[in-house]
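Okay, structure first, notes after.
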Amino acid sequence: MTWIAALSTAAQTASSSSYLDVYTGIALAFGLTVAGVSVIWGLRDRAPDRLLIGATSLLQVVLLAYAARYLVISIGGEGPVGPVWELWAYLVTIVMLPALGLIWAKDEPTRWGSFVLAVAAFVAAVMCGRAAQIWAGVGMS
Amino acid sequence: MQARTQGPGRVIFAMYVVFVIGSVSRATFQIITEFSVAPLAYTLSAIAAAIYVVATVSLAFSGPRAWWVSMVTISIELAGVLIVGTWSDLAPQSFPDATVWSNYGQGYLFIPVILPIIGLWWLLKNRPESTKRSRR
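In order, the protein sequences belong to chains Z and S. Heads up, the first sequence is in my numbering, so the first residue is 1 and it goes up one at a time. Heads up, the second sequence is in my numbering, so the first residue is 142 and it goes up one at a time.
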């Protein structure tokens with residue numbers, strides 16, 4: 001039953017949230033909010049409208065700023081405790097997600113377009129948290 | 142027949158795209174930089190990545206042949222996550238580093254085990270007529 005042990009370790013890791021700086025907090029909260037609104041839109045059988053597309057576009061800007069900050073402090077000579085390649089794999093994916101979601105949702109003017117935006121925003125939010133963990137070296141063996 | 146990436150299929154396809162990006166980049170860098178640390182885990186990561194790529198690409202195509210390719214790869218994916226999940230649970234010493242399928246994808250909110258089940262449901266729901274006829 002190693003997975004129970006793993007689950008409780010994960011819960012403990014999640015509760016020690018020292019890696020969460022204010023930038024990650026903003027990106028995480030905003031991403032989860034957009035994901036939540038998109039899910040509500042989907043459940044209510046609403047296609048992505050101007051509000052949802054606007055919110056996702058704003059999320060795109062927030063995430064670009066989030067990644068740009070890591071770029072600036074990396075150029076300034078700081079580096080992640082975890083693997084550099086992994087941090088950038090996450091950050092590059094993060095900035096692509098809302099754009100991909102918007103392109104994909106544009107072709108699907110139904111509730112499923114809203115669910116696609118929910119997936120994009122949720123994954124981007126979780127990945128911001130993971131990027132911050134890699135930077136701080138949380139969960140590294 | 143409508144493409145399988147319409148309606149709910151779009152959400153499933155979007156999830157697969159995320160897994161392709163994640164698994165391919167992870168497997169590539171693990172194998173390049175630290176293969177000797179956990180050869181079994183990283184080989185499995187690479188196999189998983191290849192399966193996600195084929196499954197995702199085949200989902201984007203319509204027609205019975207692509208349907209079968211999706212069916213086979215997503216079945217392998219489900220078998221893989223169940224086998225590796227059980228294996229990593231019984232013999233954790235074989236897995237010094239996690240794969241996406243370790244502990245049934247626990248590190249990824251169990252999406253690796255849920256996604257192929259939803260994928261297979263979606264495929265069976267959208268089965269092309271021509272694949273239903275028995276062909277001797």
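Using N, Cα and C, we set each Cβ at its ideal position, and we do this for glycine too.
query = Can you give the beta carbon distance from A190 of chain S to A220 of chain S, rounded, assuming they're within the 8 angstroms contact cut?
reply = A190 of chain S to A220 of chain S, Cβ: 16 angstroms. No contact.
- Message: I'd like to know whether the C-beta of G148 of chain S is nearer than 8 angstroms to at least one C-beta of chain B.
- Response: Of the protein chains in this structure, namely Z and S, none is chain B.
**Prompt:** Using 8 angstroms as the limit for Cβ to Cβ distance, is E155 of chain Z near chain S?
**Reply:** This structure gives no information on residue 155 of chain Z, because the portion of chain Z shown stretches from 1 to 141.
TODO: Since I believe A99 of chain Z is in contact with V116 of chain Z (beta carbons under 8 angstroms), could you give me their beta-carbon distance rounded to a whole number of angstroms?
DONE: Between A99 of chain Z and V116 of chain Z the Cβ distance is about 12 angstroms, and since that is not below 8 angstroms, they are no contact.
| message | With H, G and I counted as helix, E and B as strand and the rest as coil, what does DSSP make of M142 of chain S? | response | Any reading at M142 of chain S must be qualified, since the residue scores a pLDDT of 42, below 50, and its modelled position is unreliable; no value is offered.
Rounded to whole angstroms, what's the CA-CA distance from V161 of chain S to P48 of chain Z? Just pull it up for me. 25 angstroms
For this session: Please check the pair A144 of chain S and S216 of chain S, which I expect to be a contact at CB under 8 angstroms, by giving their CB distance rounded to whole angstroms.
Result: With a Cβ gap of about 21 angstroms, A144 of chain S and S216 of chain S do not count as contacting.
Enclosing alpha helix (DSSP H) for V116 of chain Z [first to last residue]: 111 to 136
Check: List, in order along the chain, the chain Z residues whose C-beta lies closer than 9 angstroms to that of F170 of chain S?
Finding: P83, W85, E86, A89
Got a sec, what are the start and stop residues for the alpha helix (DSSP H) P253 of chain S sits in?
-> 252 to 266
Could you check if A176 of chain S is buried or exposed, using at least 16 other CB atoms within 10 Å of its CB as the buried criterion?
First, the residue type needs correcting, since residue 176 of chain S is Phe and not Ala in the sequence shown. Flag for F176 of chain S reads exposed.
Q.
Whole angstroms are fine: how far does the CA of T240 of chain S sit from the CA of L28 of chain Z?
A. 25 angstroms
Q.
To the nearest angstrom, how far is the alpha carbon of M96 of chain Z from that of S57 of chain Z?
A. 12 angstroms
R277 of chain S in three-state terms, based on DSSP
With a pLDDT of only 48 at R277 of chain S, under the threshold of 50, the placement of this residue in the model should not be trusted; the figure read from the coordinates follows. If DSSP states are grouped into helix, strand and coil, R277 of chain S belongs with coil.
Does the beta carbon of R268 of chain S sit closer than 8 angstroms to a beta carbon anywhere in chain Z? no
Quiz item: Within 10 angstroms of its Cβ, does E108 of chain Z collect 16 or more other Cβ (buried), or is it exposed?
Solution: buried
Measure from the C-beta of V116 of chain Z to each C-beta in chain S and report whether the shortest distance is under 8 angstroms. yes
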